[in-house]
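Line order of the protein sequences matches chains A and B. For the record, in the first sequence the residue sitting at position 82 is 82 according to the numbering used here, with numbers rising by one throughout. Take the position in the second sequence, starting the count at 1, then add 1000; the result is the number in the numbering used here.
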Amino acid sequence: MADDAFTIAGEELGSRLILGTGGAPSLAVMEAAINASGTDMCTVSMRRVDTATPGSVLDVLARCGVRVLPNTAGCRTSHEAVLTAQLAREALGTNWVKLEVVADEHTLLPDPFELLDAAERLVADGFTVLPYTNDDPVLARRLQQTGCAAVMPLGAPIGTGLGIRNAHNIELIVAEAEVPVVLDAGIGTASDAALAMELGCDAVLLASAVTRAQDPALMAAAMAAGVTAGRFAARAGRIPRRHHARASSPVHGTAVF
Amino acid sequence: MTLTVNGKAMQVPPGTTLQQLMVSLSTTGRGSAAAVDGVVAPRSRWESLELRAGQQVEILTATQGG
C-alpha cells in the first residue's frame, strides 16, 4: 500500500520524513541513516569555511540522491537570517530555505518577531520559505499570510527528544493550515513521529533523534515506519474514544449453561 | 593590504579580487558563497570585484546541520 503524494510549493517529495544532518558522528554514519530513512530531502547549515574538515556533506547528499534544504540555524536576528539564506541560495542554487531564527542558546525557541520579519523579507525576495516556528496557531497563521510555503511547528525544543508537548496546539495549526504542516523538532522516538502524523501533520522533520541514537540507521528505519504508520492511521480514520467498553464479539447467540 | 576574512586578519596584495581570494582559500567549489561588508557577492561578480583594505569578507559553506 503506497503512501499518498506529498508536495511543498508544487514540488512532490518522495517521503514524508525530512532528515536533518546535524549531530551525526561521521559522514559515513549519516549516509547509512539517510539511506535507511528513505528520505527525499535533508537539511544543511551554512558555516564559515574550515578547510581542515575532511569530506563534504554535499557529496554525501548527492550520492544519496536527496534534495538539499539549507537552514539558517544559529541566526538570532532577521537581518542575519536573510543574509544567510541569500548566501545559501548562492552557494547551493536553491531558493528553498528552512528559516530558523532562535531567541537564545538555552531554549533555542524561535523568536516570533524576528521570524515573521525574516519570512516577509525572504518571501518578497523570491524564496520558498519553510519556517521553523513555535507551536502557536496564531503565529503559524501569520506566517502563512506572509506567503510561507509550509509551517513547521516544534513538538518540543530542539534536541530535547521530549516529543509533542502540546498536541492540541498542533491539531489547531493543522485544522486551519492551507499549506503543509511539518512537525519539526522535539521528536525522541518513532511513536512521536507516528503521533505527529496522526494529529494530521503532513510530514516530520527530525535530526537528533536519529543522528544521536545508539544505532542511527536502525532509528532512521524506525522513524520512516512511524511516519508511514501515522499517515495511514490518519487517513484511515480512528474509532471514537468511548467511556465504556463495547464488545467486538457478537452479543447475540451466546450459549446459556 | 589587510582584510578581515571570517573574523581573522589576512594580508593580500593590493588589487586582489574576490575570485583570487576564493582560489587562494580553495573555496571556489559548489557549496561556498561569500559576502563582502554584509552584502552577498554573486559568483558571477567574483572576477570583477576588487577588494579594498579593511573590508570584511565572510565565506560560508554547507555543513552538517539540523
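Glycine is no exception: its CB is placed at the ideal position from the N, C-alpha and C atoms. Note that the structure is a prediction, hence the values are computed from the model and not measured.
- Taken through DSSP and simplified to helix, strand or coil, Q145 of chain A comes out as helix.
- Taking a beta-carbon distance threshold of 8 Å, Q1064 of chain B counts as an interface residue toward chain A.
- Annotation for F6 of chain A: the continuous beta strand (DSSP E) segment containing it runs 6–8.
- L92 of chain A reaches chain B at R1030, G1031, A1033, A1062, counting residues in chain order whose Cβ is nearer than 9 Å.
- Neighbours of V44 of chain A in chain B, taken as residues whose beta carbon is under 8 Å from its own, are A1062, T1063, Q1064, G1065 in chain order.
- Taking 8 Å as the CB threshold, L83 of chain A lines the interface with chain B.
- A207, S208: these are the residues of the region 203–235 of chain A whose beta carbon lies less than 8 Å from some beta carbon of chain B, given in chain order.
- Check the Cα spacing between R67 of chain A and each of A:A124, A:L87, A:V174, A:L19: the tightest is with A:L19.
- A residue is called buried when at least 16 other Cβ atoms come within 10 angstroms of its Cβ; G1031 of chain B meets this threshold and is buried.
- Of the candidates A:A225, A:K98, A:R142, A:A225 places its Cα closest to the Cα of L17 of chain A.
- In the three-state reduction of the DSSP assignment, P1013 of chain B falls in the coil class, being assigned neither a helical nor a strand state.
- Sequence-ordered contacts of the region 9–39 of chain A with chain B read G20, T21, G22, G23, A24, L27, M30 [C-beta pairs closer than 9 Å].
- Against chain A, a Cβ distance below 9 Å from V1040 of chain B picks out L83, Q86, L87, R89, E90.
- When C-alpha distances from V129 of chain A are compared across A:P112, A:Q145, A:A149, A:F113, the shortest belongs to A:A149.
- Per DSSP, the unbroken beta strand (DSSP E) holding S45 of chain A starts and ends at 41–48.
- Of the residues A:G147, A:R121, A:R89, A:R48, the one whose Cα lies closest to the Cα of T77 of chain A is A:R121.
- Judged by their CB atoms, L61 of chain A and W96 of chain A are not nearer to each other than the 8 Å cut-off.
- Contact annotation: A1041 of chain B and L1021 of chain B have beta-carbon atoms that are not nearer than 8 Å.
- Put simply, the CB of R1043 of chain B is near chain A, with a gap under 8 Å to one of its CB atoms.
- In terms of beta-carbon proximity, N134 of chain A stays away from the interface with chain B, with every pair separated by 8 Å or more.
- In this structure, the CA atom of A221 of chain A is about 42 Å from the CA atom of V251 of chain A.
- Within a 10 Å sphere around the beta-carbon of F113 of chain A sit fewer than 16 other beta-carbons, which makes this residue exposed.
- Not a single C-beta of chain B is nearer than 8 Å to the C-beta of N95 of chain A.
- Against chain B, a Cβ distance below 9 Å from L99 of chain A picks out nothing, because the smallest value is about 13 Å.
- Residue pairing for W1046 of chain B: DSSP places it in no beta bridge.
- Taken in chain order, the members of the region 152–177 of chain A whose beta-carbon sits within less than 9 Å of a beta-carbon on chain B are I158, G159.
- Residue contact with chain B for V57 of chain A: present (Cβ-Cβ distance below 8 Å to some residue of chain B).
- Q1056 of chain B is bridged by DSSP to B:T1004.
- Pairing T94 of chain A with A88 of chain A, the inter-Cα distance amounts to about 8 Å.
- Taken through DSSP and simplified to helix, strand or coil, A193 of chain A comes out as helix.
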